Amino acid sequence: VLYEQEGVFIHSSCGKNDDQDSLISGVLRVIEKENEVIVDWRPLDDTLDTSNILCAGKDSSSVVEWTQTPKEKCSRGADRPSSYEAEWDMVTTVSFKKKPHSNGDAATHANGESKWSFLFSLTDLKSIKQNKEGMGWSYLVFCLKDDVKLPALHFHHGDSKLLIKCLEKHVVLNESPQDKRILLVNSQNKSLSQSFENLFDEPSYGLLQKLKKDPYTVTMGRFSKVTNYIFDSFRLSDPSSQRRPPSEMADFLNDAIPGLKINQQEEPGFEVITRIDLGKQPEVSRREPVSAEEWAKNMDSEGRILNVDYIKQLIFKGGLCHTLRKEAWKFLLGYFPWNSTKEERAHLQKRKTDEYFRMKLQWKSVSEEQEKRNSRLRDYRSLIEKDVNRTDRTNKFYEGEDNPGLILLHDILMTYCMYDFDLGYVQGMSDLLSPLLYVMENEVDAFWCFVSYMDQMHQNFEEQMQGMKTQLIQLSTLLRLLDSGFCSYLESQDSGYLYFCFRWLLIRFKREFSFQDILRLWEVMWTELPCQNFHLLLCCAILESEKQQIMDKHYGFNEILKHINELSMKIDVEYILCKAEAISMQMMNCKELPQAVSEILGIESSSVTPDSDTGEDESGAVLSCPTSLYQSISTPVTAANGTRDSTQQMSETQSLTPA
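Under full-length UniProt numbering, think of the first position of the sequence shown as 1, with each following residue one higher.
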């Protein structure tokens with residue numbers, strides 16, 4: 001106990017003429033427990049009654065809210081709840097559910113006793129409002145980070161200065177420039193977990209300035225700058241006289257994104273693609289989303305998925321109904337093993353919950369002084385706060401400035417910096433997280449799904465941008481095979497490296513489709529069907545759809561970049577999925593597929609011909625060719641009772657005869 005004061009009252013009937021003497025006397029304490037400093041007030045006659053304490057408890061979405069604990073649930077006294085997440089309640093960012101009564105009304109039980117007890121962590125304190133000098137008893141009003149004010153505490157036996165001095169040992173308090181009575185909190189708990197301290201003591205911390213030099217931090221901003229410059233040029237009254245020459249604009253774009261310039265002589269993966277007749281694109285249709293009934297019928301009594309390949313094929317062809325996403329995405333992203341039982345998954349979640357909150361405690365325990373000496377963490381926090389504030393608010397889950405969803409986005413991204421401190425946070429990661437959190441409605445599950453997604457995407461965010469370079473080269477290779485004439489036109493307009501697709505690749509089309517459409521697109525891509533790098537074929541499908549307008553209207557560099565940017569939120573996701581699948585079938589059925597394209601699509605050999613009866617090449621080795629998938633996934637699944645024809649099921653040795 002760092003501070004204790006009796007005679008601290010709540011005036012529960014302030015402003016009410018009919019009950020002006022309703023005062024609740026209580027004890028105010030400041031308690032240090034492990035790495036938390038807690039402010040605790042409770043009525044004198046209720047100090048041992050834990051049913052009156054407003055305690056942190058998680059709802060189904062893991063957004064913490066303060067709720068009054070029912071007496072019947074508190075038979076354990078001060079013991080913690082049985083939930084394995086309960087021990088982390090004080091670590092989690094707190095979001096207050098406002099009570100139906102105002103601060104001036106007393107919540108009462110049947111016996112008439114007031115129930116005003118509360119406690120909070122200093123890490124959740126935003127400001128303290130003091131009384132005016134010489135205006136009766138001194139009082140304090142605590143305002144928490146989501147702007148919920150607790151009842152005023154009146155100090156009848158002495159003033160509040162000793163409490164302020166006690167708090168100043170743990171947080172920095174500064175007077176508000178607008179109102180000198182308000183003290184603003186400028187730091188968190190000053191204790192530091194040993195594991196985090198050791199992290200900064202490692203010899204490898206020579207990369208302190210990495211973030212400042214990280215080209216991605218510059219890339220997103222400068223790419224926007226280039227785009228805005230071009231938009232401005234089109235707004236001018238006489239754009240033809242004001243616009244920069246296309247070649248100069250292309251150089252400007254290369255210079256604006258350091259590290260991205262591609263040199264064909266230095267970069268691997270280039271191959272001269274001769275003109276090949278791919279034949280006509282096949283007609284492709286999609287099916288209805290996988291239903292809860294279909295999912296349940298493909299699961300045994302212990303919760304194992306019976307036929308993983310079949311389920312993936314259904315998801316690829318139709319996606320998932322929304323009610324299934326919370327469960328199915330964990331499998332698709334690799335958080336849950338496909339062959340795990342329900343019990344095994346419960347144990348995994350418990351272990352992962354403990355691991356998550358230990359990492360979260362690391363950054364929440366860092367004081368402002370500690371952060372000042374560790375510029376990387378400070379810069380990570382600054383970038384995260386900036387990006388979270390730019391989150392798309394059109395989805396109700398993220399509406400409002402102090403929305404719990406936005407708070408959890410911040411917390412998960414900060415915790416990811418503890419998980420992978422070398423990579424840390426790079427602009428764009430919040431775009432990948434926000435749909436995951438929306439679907440999971442759970443802080444812990446969203447974090448581990450994000451970790452799995454970042455395992456796939458981390459090369460996009462690494463300092464040398466090699467992952468982005470490789471994808472742009474591969475996209476150029478695929479597009480040249482698909483339409484060499486269009487590629488030649490783009491090259492003639494200084495657009496051959498497809499830099500205008502940068503944002504598509506960086507954050508997997510997140511800003512190109514509506515929020516609901518991106519859920520469908522991502523779950524289809526996560527099946528890893530029908531081939532490797534299917535997202536590049538999605539790019540090809542979009543570009544091929546826009547080819548006629550770009551070429552017929554003779555768009556130059558500026559116009560191409562402007563046109564591609566303006567496609568955002570105007571692309572039909574189902575049409576593009578059908579077209580990309582048709583392109584994949586077209587390429588994989590090609591008799592003379594170039595080696596570079598085979599490697600991009602994950603096809604080990606291009607020697608398969610339509611006459612092949614077996615999946616073996618001349619040496620007798622079985623080919624790993626995704627073409628065989630089309631025997632099943634191109635056939636609409638119509639059996640509502642869960643039965644299916646045996647020809648729809650995949651086999652490792654299935655014939656590679658084209659669909």
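Idealized CB from N, CA, C, for every residue including glycine. On a predicted model such as this, the values are computed, not experimentally measured, just so you know.
Excluding five sequence positions before and after Trp522, the CB atoms of its chain that fall closer than 8 Å to its own CB belong to Pro435 and Arg508, given in chain order. According to DSSP, Leu153 shares a beta bridge with Leu140.
With a cutoff of 8 Å on beta-carbon distance, Gln362 and Met418 are scored as near each other. Counting C-beta atoms within 10 angstroms of its own C-beta, Leu529 has 16 or more neighbours from the protein chains shown and is therefore classed as buried. Following the DSSP letters along the chain, one finds Asn389 inside the alpha helix (DSSP H) bounded by residues Ser375 to Asn389. Residue environment for Gly279: exposed (fewer than 16 other C-beta atoms within 10 angstroms of its C-beta). Taking the Cα positions, Asp387 is about 38 Å away from Gly303.
For Lys165, the closest alpha carbon among the candidates Pro151, Leu183 and His157 is that of Leu183. Following the DSSP letters along the chain, one finds Pro289 in no beta strand (DSSP E), marked with neither H nor E.
Per DSSP, Tyr3 is not a residue of any alpha helix (DSSP H); the beta strand (DSSP E) it occupies stretches across Tyr3 to His11.
For Phe515, the three-state secondary structure derived from DSSP is helix. Taking 8 Å as the upper bound for CB-CB distance, Pro289 and Gly334 are not in contact here, some 21 Å apart. Looking at Asp300, His322 and Trp338, the one whose alpha-carbon comes closest to that of Lys312 is Trp338. A straight line joining the alpha-carbon of Met585 with that of Gln281 spans about 8 Å. Between the region 465–475 and the region 428–442, the count of Cβ pairs shorter than 8 Å is below three; the stretches do not touch.
Under the rule that a run must span 4 or more residues, the alpha helix (DSSP H) segments found entirely inside the region 477–509 read 484–492 and 502–506.
Between Tyr310 and Thr527, the alpha-carbon positions lie close to 11 Å from each other. In the DSSP secondary-structure assignment, Lys33 is bridged to Glu36. Scanning its chain for C-beta atoms nearer than 6 Å, with the 5 sequence neighbours on each side dropped, one finds around Asn533 the residues Ile600, in chain order.
Per DSSP, the unbroken alpha helix (DSSP H) holding Asn565 starts and ends at Phe557 to Asn565.
Glu175 is bridged by DSSP to Leu183. In the DSSP assignment, Phe461 falls outside any beta strand (DSSP E) and carries neither an H nor an E. Residues Ile507 and Lys510 of the same chain have their beta carbon placed closer than 6 Å to that of Asp431, with the five preceding and five following residues left out of the count. Collapsing the DSSP output to three states places Gln349 in a helix. Counted as a single uninterrupted DSSP element, the stretch harbouring Phe534 is not any beta strand (DSSP E) but the alpha helix (DSSP H) occupying residues Phe534 to Asp552. Note on Glu399: under 16 other CB atoms within 10 angstroms of its CB, so exposed under the neighbour-count rule. Below 8 Å, enough C-beta pairs join the region 346–359 and the region 443–450 to call them touching: three or more. When the Cα atoms are used, His563 and Leu348 turn out to be separated by approximately 47 Å. Counting along the chain, no beta strand (DSSP E) covers Ser160, and no H or E run does either.
In this structure, the straight-line span from the alpha carbon of Lys350 to that of Asp411 is close to 19 Å. In the structure shown, the three-state DSSP call for Val27 is strand. A distance below 8 Å between beta-carbons, with the five flanking residues on each side excluded, links Tyr139 to the following residues of its chain, in chain order: Gln130, Asn131, Ala152, Leu153, His154, Phe155 and Ser160.
Rounded to whole angstroms, the gap between the alpha carbons of Lys342 and Asp300 is 10 Å. The Cβ atoms of Val426 and Asp517 lie no closer than 8 Å to each other.
In this chain, the beta strand (DSSP E) harbouring Gln130 covers Leu125 to Gln130. Checking the DSSP bridge columns, you'll see Trp41 partnered with Leu28 and Phe118.
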